[in-house]
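Beneath this line is the structure, given in structure tokens, with notes to follow.
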Amino acid sequence: MNEKTSTFESKILKTYSAETPTSAKLFQRSQTIFPSGVTHQSRDLKPHPIFVNRAEGSHKWDVDGRKYVDYFGGHGALILGHNHPVVQEAVREQVSRGVHYGASHELELEWAEVVKSVIPSAEKVRFTVTGTEATHLALRVARAYTGKAKVVRLATHFHGWHDHVAFGKDSVSKSPPPGILQEIVDNILVCPPGDISQLTRLCENRDDVAAVILEPTGATFGKVPLLPQFLSDVREWTSQRGIVLIFDEVISGFRCSLGGAQGVYGVTPDLTTLAKILGGGYPGAALVGRAEVMNVMDYQKKKTGTVSPLVTHYGTYNGGPVSASAGIATLNFLRSTDTIETANRNGARLRQEMNSIIRQLGCDWSVYGDFSAFHVFANPDHESIGPEDIMEGRIDSWKLRSSTSIDLQHKIRLGFLCGGVDIMPWPGGLVSGIHTQEDLAKTAEAFENTLKMLAEEGMLE
Ligand SMILES: Cc1ncc(COP(=O)(O)O)c(C=O)c1O
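The number in the working numbering is simply the position in the sequence shown, starting from 1, with 7 added.
Next comes the structure, spelled out in structure tokens:
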């Protein structure tokens, strides 16, 4: 906490606490049950998170009846907003026909065919339930295909929470985080993002690299942007070396464009992980990719002469019919409308309006991003930096990843919540195709009031 403001003097905290008494009470109960009182780390918020009991379109309502413009968007899954009628109808129809057949069914086939028709790298498809499982499977498939152990990942990039990727997002250390084996850490090479020469140097004189995994928009949908040239360079270098290139398109898939970031940049990886929009708000994810690589999961294409394929893959809820129905409805709607372009336009307009507020208030922060994202950079060292500098890679990756202290991050979120807007903890958010101009104006106003309250608390100095 800034020394100038004690918890009790903070206008943001006082206003938030006064507006959300029922959430505060539920959080007391939560703390007796859930570690940290939450079920996902990014929902952690001091003094307490909001508890939500209803959502519709671009809005959600908390248990005190307050309405929020929503930029969490189901952690990025809801590009069509909450309860979109085409998704609702498909799900209702499917629920009445059964929710789990424990058998192959035509909807999973249709779901995979839609994916294959729009994602350039998708020759073969395997469904999982979460993005974390998809990246886990991607690494296993790449290691089995190449017979090699090491995986290169880019510092600051996020690929879920399984052991092979649960470090390197917020810092780099050779010691394993608690609960993760040293042997696993030793087999992951963490490389600074965006610099092909550092990547090639890291792998010089080694012949044990199975894969490179990265988010093609840059970490957390462009919070730490990557220049498209880097993608082409990595593609060329991995192809020459027989290294499997994995794009983690869990957020960017069906969001940058129907064909994901690979569709926009014209760079096709060997494997791609998809989730979020893929399931239309229901649990659904996939590993897709080049048939030759994916065939390590194929009984018919086994190389070992044993009964099993090289890589076995299970999962009770893989390709579930309800998720399939929501996913098909969502992807078909995106295919037949300009929702993605609208979301991208909404994102650009929001970034522009927030930056003009920053300038009006004489603050040195930036709001930046591409496609339907907005990211807030709090310029902790008060450098002469604008959104273009960030987008063109003229700023340190770690500084972008953590430009806000936890206290400031929470205060920004609380400030927005006081103004009726729920943002992601980055801080930033994902704009949908159904946010209205009124929603965007309300968001800009909430941002302005947040900055003013932070200035009063001495937190912009
Ligand atoms: C780029 C990326 N990869 C993987 C994941 C993990 O997905 P899930 O939360 O479905 O396990 C996420 C989740 O936010 C993500 O943003």
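The beta-carbon is built from N, C-alpha and C at its ideal position, and this holds for glycine as well. Since this is a predicted model, take the numbers as computed values, not measurements.
- Distances taken from the Cβ of T142 to the heavy atoms of ligand 1 include one shorter than 7 Å.
- In this structure, A218 and V179 do not form a Cβ contact; the two beta carbons are roughly 19 Å apart against a cut-off of 8 Å.
- Counting other Cβ atoms within 10 Å of its Cβ, E113 stays below 16 and is therefore classed as exposed.
- Cβ contact annotation for L146 (same chain, cutoff 6 Å, sequence separation greater than five): V158, H171, in chain order.
- Taking 7 Å as the cut-off, the C-beta of F165 counts as close to a heavy atom of ligand 1.
- Counting of Cβ neighbours within 10 angstroms places L116 among the exposed residues, the total staying below 16.
- Proximity to G440 across C198, K449, G88 peaks at G88, based on C-alpha coordinates.
- A residue is called buried when at least 16 other Cβ atoms come within 10 angstroms of its Cβ; S103 does not meet this threshold and is exposed.
- Using a Cβ-Cβ distance cut-off of 8 Å, the segment 280-295 and the segment 321-330 are in contact, since at least three pairs of beta carbons, one from each stretch, lie closer than that value.
- Only buried fits P232, as 16 or more other CB atoms lie within 10 angstroms of its CB.
- For E395, the uninterrupted alpha helix (DSSP H) run begins and ends at 394-398, by DSSP.
- The residue among I220, F261, I258, A298 with its C-alpha nearest the C-alpha of V241 is I220.
- Taking non-hydrogen atoms of ligand 1 into account, the C-beta of H82 is found less than 7 Å away from one of them.
- Taking all protein chains shown into account, P28 has fewer than 16 neighbouring C-beta atoms within 10 Å of its C-beta and is therefore exposed.
- G296 sits in a strand when the DSSP states are folded into three classes.
- Minimum Cα-Cα distance from T245 among the listed residues P276, P223, A226 corresponds to P276.
- Secondary structure at I220: strand, using DSSP grouped into helix, strand and coil.
- Of the candidates W118, E63, G393, E63 places its Cα closest to the Cα of P92.
- At least one heavy atom of ligand 1 falls within 7 Å of the beta-carbon of A292.
- According to the DSSP assignment, W68 belongs to the beta strand (DSSP E) that extends over 66-69.
- Judged by beta-carbon spacing, K176 lies within the 8 Å limit of H164, meaning their Cβ atoms are closer than that value.
- For H166 against D255, the beta-carbon gap comes to about 5 Å, under 8 Å, which counts as contact.
- DSSP places G225 in the strand class (E or B) of the three-state scheme.
- Contact between S65 and T411 is ruled out by a C-beta separation of about 25 Å, above the 8 Å threshold.
- Checking the 7 Å criterion, the Cβ of V257 is within range of a heavy atom belonging to ligand 1.
- The beta carbon of A162 sits no closer than 7 Å to any heavy atom of ligand 1.
- Ligand 1 has no heavy atom closer than 7 Å to the beta-carbon of T46.
- Between ligand 1 and E222, a heavy atom-to-CB distance of less than 7 Å is present.
- Per DSSP, the beta bridge partners of K131 are G296.
- In the DSSP assignment, the residues bridged to R61 are W68.
- Look at the beta carbons and you see the segment 430-437 touching the segment 373-391: at least three pairs across the two are nearer than 8 Å.
- For the set R262, A151, H47, the Cα lying nearest the Cα of V318 is the one of A151.
- Here the distance from the Cβ of T275 to the nearest heavy atom of ligand 1 is not below 7 Å.
- Annotated as distal: V136 and A333, with beta-carbon spacing of 8 Å or more.
- For L281, the enclosing beta strand (DSSP E) has its first and last residue at 278-281.
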